[in-house]
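S.K.: Numbering (UniProt numbering), first residue to last: 1 to 350.
In this text, a Cβ means the ideal position worked out from N, Cα and C, and glycines have one as well.
It should be emphasised that the depicted structure is a prediction, and the values quoted were computed from it without experimental measurement.
(1) Checking the sheet assignment: what are the DSSP bridge partners for residue 203?
(2) Residues in its own chain within less than 7 Å of residue 87 by CB, not counting five upstream and five downstream?
(3) Is residue 332 closer than 8 Å to residue 285 when the C-beta atoms are compared?
(4) Work out the CA separation of residue 69 and residue 338 for me, nearest whole Å.
(5) Compare the C-alpha of residue 183 against each of 203, 340 and 137 and name the closest.
(6) Are the CB atoms of residue 343 and residue 266 within a distance shorter than 8 Å?
(7) Can you give the Cα-Cα distance for residue 131 and residue 334, rounded to whole angstroms?
(8) So what does DSSP say about residue 341, is it helix, strand or coil?
(9) Would you identify the three-state DSSP class for residue 228, choosing helix, strand or coil?
(10) Report yes or no: do three or more beta-carbon pairs, one from the stretch 202-215 and one from the stretch 172-189, lie closer than 8 Å?
(11) Counting pairs of Cβ atoms below 8 Å between the stretch 279-296 and the stretch 255-271, do you hit three or more?
(12) Taking residue 232 as the reference, give the member of 208, 158, 173 and 43 with the closest Cα.
(13) From this set, 105, 60 and 179, which residue's C-alpha is nearest residue 80's C-alpha?
(14) State the Cα-Cα distance for the pair residue 52 and residue 63, rounded to the nearest angstrom.
(15) Once DSSP output is grouped into helix, strand and coil, what is the label at residue 100?
(16) Taking Cβ positions only, does residue 340 come closer than 8 Å to chain B?
(17) Quick check on residue 102: buried or exposed, where buried means 16 or more other Cβ atoms within 10 Å of its Cβ?
(18) For residue 267, which three-state DSSP category applies?
(19) What do you get for residue 305, buried or exposed, if any count of 16 or more other CB atoms within 10 angstroms of its CB means buried?
(20) On the DSSP bridge assignment, give the partners of residue 333 in chain order.
(21) On the three-state DSSP scale, how would you describe residue 281?
(22) When DSSP labels each residue in this structure, what does residue 161 get in the three-state scheme?
(23) Between which two residues does the alpha helix (DSSP H) containing residue 346 stretch?
(24) Given a cut-off of 8 Å, decide if residue 317 and residue 328 are closer than it, judged by their beta-carbon atoms.
(25) Keeping to the same chain, check which residues put their C-beta closer than 6 Å to that of residue 239; ignore five residues upstream and five downstream.
(26) Judging by CA-CA distance, which residue of 107, 236, 206 and 191 is the nearest neighbour of residue 133?
(27) Taking the beta carbon of residue 108 as the centre, do at least 16 other beta carbons fall within 10 Å, making it buried, or is it exposed?
(28) Quick check on the DSSP output: the alpha helix (DSSP H) that includes residue 249 runs from which residue to which?
(29) For residue 39 and residue 46, what's the separation of their Cα atoms in angstroms?
(30) State yes or no: is the C-beta of residue 179 within less than 8 Å of the C-beta of residue 151?
(31) Sort out for me which residues DSSP pairs residue 276 with in a bridge.
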């Protein structure tokens, strides 16, 4: 439009007025008239060309400036929404203690963030109450179970014990021991579902080596051959919980490895993480069964016949891994058995 207006406003070359002049004047002015006309045409063409060039440059600069300004304004407008999304992702991966705490004007995004914070607060209180109840109930059950075990052991030592009690006592002791393991597992599970507040430097290699020495007798009783390849795997966390995680992994492999089975334990760095991997023989499992093994009180087909556990071992493993910002990967082996790998964040050296 600007180009059209300017082109119309510029004077065209002067029209011929030879009809008003005599032949002599026409001959004298013909050369001058042609020169003026050419100069005016050249000036008009140069002006329009310059206008077109600068118009294109200005249009390009305006588009670039509009794009940058739009990106900046969109970023400022969507920043609160991005904050909400990042907080929701961290909460889903770690714990419910974080809050968005969005500041600024009381607009729709601020109202959304406040509603999300209120929901997190209610969920946090609910889960804390659930964990507290499980921990308190389990703790209260430990004393009577310990008393029952002591009374049974004392009764078995009496010389005049009745034959009925002598026959029932081993069954009662086994049942009591199973209940104690269940209570201990519930306590560990409730404790492991909380975030690690004071992490310390931990080497999975040292923990795993100690656990394998501790479980040698258990492996011998089950006829399991356990091999290991242990490399340094430095992470940070709660050493007691991480030891319990390794114990559960190793015991799970030993107890479900099958007659004359084998288990292989590996620790070391892996793709920016540190990991412990436990692989054992055993009955064949379907891929659809693996996830159920990590649910409380659930075991796969063919794994419950041995009656060794209470169905909390792998649930505790996953809870401890999550509390440390890690992940658990499990898959059935083609030859039978299971492979479980726990990845934990590597310790930052410094």
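M.R.: The relevant details are as follows:
(1) 234
(2) 98 and 100
(3) yes
(4) 56 Å
(5) 137
(6) Taking 8 Å as the Cβ cut-off, residue 266 and residue 343 do not qualify as a contacting pair.
(7) 38 Å
(8) strand
(9) Per DSSP, reduced to three states, the secondary structure at residue 228 is strand.
(10) no
(11) The stretch 255-271 and the stretch 279-296 touch, with three or more beta-carbon pairs separated by less than 8 Å.
(12) Comparing alpha-carbon positions, the option among 208, 158, 173 and 43 lying closest to residue 232 turns out to be 208.
(13) The option with the nearest alpha carbon to residue 80 is 105.
(14) 16 Å
(15) coil
(16) Note that chain B does not occur in the displayed structure, where there is just one protein chain.
(17) buried
(18) strand
(19) Its pLDDT being 41, under 50, residue 305 is placed unreliably by the model, and the measurement read from it follows with that caveat. Counting Cβ neighbours within 10 Å, residue 305 comes out exposed, since fewer than 16 surround it.
(20) Note: residue 333 sits in no beta bridge, so no partner.
(21) Residue 281: coil per DSSP, three-state reduction.
(22) coil
(23) Counting along the chain, residue 346 falls outside any alpha helix (DSSP H), and DSSP gives it neither H nor E.
(24) yes
(25) Result list for residue 239: 202, in chain order.
(26) 191
(27) exposed
(28) 239-255
(29) 10 Å
(30) no
(31) BP columns for residue 276 point to 267 and 342.
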